[in-house]
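Only one structure is covered here, and it is reproduced in the block below.
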Amino acid sequence: MEKLLNFIDGTYREPVNQQYLDNYEPATGKIYSLIPDSDEKDVALAVEAAEKAFPVWSKMPIEERSAILVRVSEGIQKRMDEFVAAESRDNGKPVSLASHVDIPRAVSNFHFFATAILHFASESHVMEGEGFNYTTRKAIGIVGCISPWNLPLYLFSWKIAPALAAGNCVIAKPSEVTPYTAYLLGKVCEEAGMPAGVLNIIHGLGASVGDAIVKHPKIKAISFTGGTKTGEYIARTAAPMFKKLSLELGGKNPNIIFDDCDFNVMLSTTMRSSFANQGQICLCGSRIFIQRGIYDKFKDAFVERVKDLTVSFPTDPKAKMGALVSLPHLEKVMSYIELAKEEGGTVLTGGGRIFPEGHENGYYLQPTVIEGLKYDCRTNQEEIFGPVVTLTPFDTEEEVLEMANSTQYGLSATIWTNDLKRAHRVADEVHAGIVWINAWLVRDLRTPFGGVKSSGVGREGGWEALRFFTEAKNIFVKY
Ligand code: NDP
6 MEKLLNFIDG
16 TYREPVNQQY
26 LDNYEPATGK
36 IYSLIPDSDE
46 KDVALAVEAA
56 EKAFPVWSKM
66 PIEERSAILV
76 RVSEGIQKRM
86 DEFVAAESRD
96 NGKPVSLASH
106 VDIPRAVSNF
116 HFFATAILHF
126 ASESHVMEGE
136 GFNYTTRKAI
146 GIVGCISPWN
156 LPLYLFSWKI
166 APALAAGNCV
176 IAKPSEVTPY
186 TAYLLGKVCE
196 EAGMPAGVLN
206 IIHGLGASVG
216 DAIVKHPKIK
226 AISFTGGTKT
236 GEYIARTAAP
246 MFKKLSLELG
256 GKNPNIIFDD
266 CDFNVMLSTT
276 MRSSFANQGQ
286 ICLCGSRIFI
296 QRGIYDKFKD
306 AFVERVKDLT
316 VSFPTDPKAK
326 MGALVSLPHL
336 EKVMSYIELA
346 KEEGGTVLTG
356 GGRIFPEGHE
366 NGYYLQPTVI
376 EGLKYDCRTN
386 QEEIFGPVVT
396 LTPFDTEEEV
406 LEMANSTQYG
416 LSATIWTNDL
426 KRAHRVADEV
436 HAGIVWINAW
446 LVRDLRTPFG
456 GVKSSGVGRE
466 GGWEALRFFT
476 EAKNIFVKY
């Protein structure tokens with residue numbers, strides 16, 4: 006069976022303890038590779054390597070650093086098929102999604118930050134008659150990047166690329182559930198001529214490797230994307246060490262549909278915002294609020310479309326949805342469907358497992374639509390992170406805002422209306438870091454990305470990411 010290895014100091018290595026974990030293929034439920042079950046010893050080795058590499062990498066002329074990262078972007082592009090197959094097999098997502106979204110976005114992430122750094126500037130402030138201030142922004146040193154399983158290389162590179170572009174050396178941990186594309190990335194970095202020790206990729210459990218990264222005193226900043234509970238633990242652990250923290254956490258996003266919207270565009274987009282990636286995107290709109298005038302029309306049309314959605318194994322070209330990422334996750338999502346029933350909800354469609362021929366042990370779930378729940382019940386308050394949405398009618402703007410803002414989360418929101426004033430009013434009032442009006446998941450990499458309340462602290466993307474991964478120093482000069 007294939008054994009994945011850590012990438013430390015520019016070479017592929019076994020974990021110090023020689024222990025491995027099983028890597029399951031969600032489409033079949035079978036073990037198909039082994040992953041290092043690394044621990045703090047591997048993190049210590051990576052930090053030593055990063056310390057050696059930092060003076061070289063951070064002082065390298067910016068054009069050279071940029072060129073290496075552009076070559077990383079091109080390297081992923083060249084190996085597109087290999088990356089797409091690996092991502093889809095590891096995660097259970099349809100090949101079509103990995104090839105249209107995940108891997109192209111990883112290519113863009115590296116290219117975007119490789120070139121953004123060439124234009125990154127700091128400020129100066131003149132004090133008339135007295136002198137002036139100038140601000141330098143230097144790399145922090147060694148930083149930790151920890152990412153989840155839902156969009157594996159997409160989110161891994163979203164952190165690593167700005168960290169490296171800003172001149173830091175990185176200790177990175179992908180989710181142990183989806184390690185494969187991060188494993189391949191080491192090869193691409195080697196081919197791109199990245200100096201040894203600049204990027205170190207360590208595989209293993211969050212509780213061991215992740216924890217060791219968070220606790221290592223020489224790792225000065227942590228960029229984390231994952232669940233709110235884990236984020237809370239990381240914040241509690243890292244704060245007394247005064248580490249810089251960027252936390253991108255969970256969501257329970259409202260999709261607010263007013264009765265004057267463009268119905269057909271809204272319907273197609275709502276299909277995607279509900280079930281793309283098996284509903285396992287932090288930005289999915291899992292709570293759908295529909296104005297009463299079109300509630301029945303929407304319900305009938307939506308349920309009909311959902312019944313037609315093809316759930317199949319990832320390599321099936323007809324698959325619109327693949328397998329959920331793991332058996333424990335499938336069980337968690339299904340437990341929420343049971344909870345919804347206990348809370349008085351009616352399952353309009355879905356609710357059960359699917360067993361595609363030849364893939365009977367895979368983790369497939371029907372896309373599920375539920376109505377009849379109170380907005381403040383657990384099903385409507387807790388993150389499910391699967392292909393499960395709830396429908397709730399509303400009458401007024403005030404009422405829908407109260408329901409939309411009732412959760413602990415505040416990541417994103419979608420608003421459907423042709424009333425311009427209302428669109429702006431609701432966008433202004435909704436608790437979210439990211440709002441789409443008459444659209445969903447349109448992303449411009451220059452814009453700030455992140456959430457409010459329990460959805461996170463800090464912002465990624467564009468200058469925000471480069472500011473996070475640098476330390477500002479202000480210098481005053483007297484005339
Ligand atoms: P987790 O919080 O379980 O894990 C995220 C990462 O943290 C994994 O690499 C995990 O390792 C690691 N980890 C776990 N425990 C620790 C620890 N004690 N110390 C350090 N690292 C640790 O999240 P999931 O992987 O389950 O991802 C799903 C979650 O991510 C959802 O809540 C989703 O909303 C959120 N998310 C947020 C996004 C955003 O931008 N706001 C985007 C995408 C997802 P391991 O897997 O090995 O346990």
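Quick note on the working numbering: the sequence shown kicks off at 6 and runs consecutively. Where a beta carbon is used, it is the ideal one built from N, C-alpha and C, also for glycine. Keep in mind that this is a model prediction, so the values were computed, not measured.
From residue i to residue j, what does the alpha carbon distance come to, in whole angstroms?
| i | j | result |
| --- | --- | --- |
| M6 | A477 | 48 Å |
| T315 | F115 | 33 Å |
| V308 | V457 | 32 Å |
| N173 | P60 | 9 Å |
| L10 | K64 | 29 Å |
| N205 | T384 | 39 Å |
| N423 | S411 | 25 Å |
| F88 | D95 | 10 Å |
| Y238 | S279 | 29 Å |
| I442 | F294 | 14 Å |
| W421 | N260 | 8 Å |
| N282 | R464 | 23 Å |
| Q386 | K379 | 10 Å |
| V394 | S101 | 23 Å |
| M199 | E135 | 45 Å |
| Y188 | P179 | 9 Å |
| R310 | I207 | 42 Å |
| R358 | R18 | 39 Å |
| T76 | A90 | Checking the displayed sequence, the identity of residue 76 turns out to be Arg instead of Thr. Their backbone Cα atoms lie some 21 Å apart in a straight line. |
| G349 | G377 | 7 Å |
| S38 | A119 | 32 Å |
| V338 | E53 | 41 Å |
| A409 | P398 | 12 Å |
| E347 | D107 | 36 Å |
| R451 | P167 | 12 Å |
| E181 | G211 | 8 Å |
| G209 | C150 | 14 Å |
| S340 | D305 | 26 Å |
| F247 | P222 | 10 Å |
| V366 | G97 | In the sequence under discussion, the amino acid at residue 366 is Asn, which differs from the Val named in the question. Their Cα atoms are separated by approximately 12 Å. |
| T230 | E133 | 44 Å |
Going by DSSP, which residues form a beta bridge with residue i?
| i | result |
| --- | --- |
| C174 | I147 |
| K323 | Paired residue(s): none; K323 is not in a bridge. |
| E56 | For E56, which the question treats as bridged, DSSP gives no partner whatsoever. |
| G461 | E253 |
| G136 | M132, K483 |
| K478 | T141 |
| F280 | DSSP lists no partner for F280. |
| Y25 | P41 |
| A226 | V148, K249 |
| W441 | T419 |
| I286 | None, per the DSSP bridge assignment. |
| E376 | T351, L396 |
Would you say the beta carbon of residue i is closer than 6 Å to some non-hydrogen atom of the ligand NDP?
| i | result |
| --- | --- |
| N491 | In the structure displayed, the chain extends from 6 to 484; residue 491 sits before or after that span and is not available. |
| W154 | yes |
| C287 | yes |
| L210 | yes |
| T183 | no |
| Y188 | no |
| V219 | yes |
| D47 | no |
| E387 | no |
| I224 | no |
| F161 | no |
| G290 | no |
| Y484 | no |
| S180 | yes |
| T235 | yes |
| F390 | yes |
| I147 | no |
| T120 | no |
| T230 | yes |
| D449 | no |
| I151 | yes |
With a threshold of 7 Å between beta carbons, is residue i in contact with chain B?
| i | result |
| --- | --- |
| K57 | Of the chains in the structure shown, none is chain B; there is only one protein chain. |
In chain order, which continuous runs of the beta strand (DSSP E) of length 3 or greater are located wholly inside the segment 180-210?
-> The segment 180-210 contains, as complete beta strand (DSSP E) runs of 3+ residues, the segments 204-206 (chain order).
Contiguous alpha helix (DSSP H) assignments of at least 4 residues, all confined to the segment 381-421 = 383-386, 402-409
Give, in chain order, every unbroken run of the alpha helix (DSSP H) that is at least 4 residues long and sits entirely within the segment 59-115.
-> Listed in chain order, the alpha helix (DSSP H) runs fully inside the segment 59-115 are 67-83, 85-96, counting runs of at least 4 residues.
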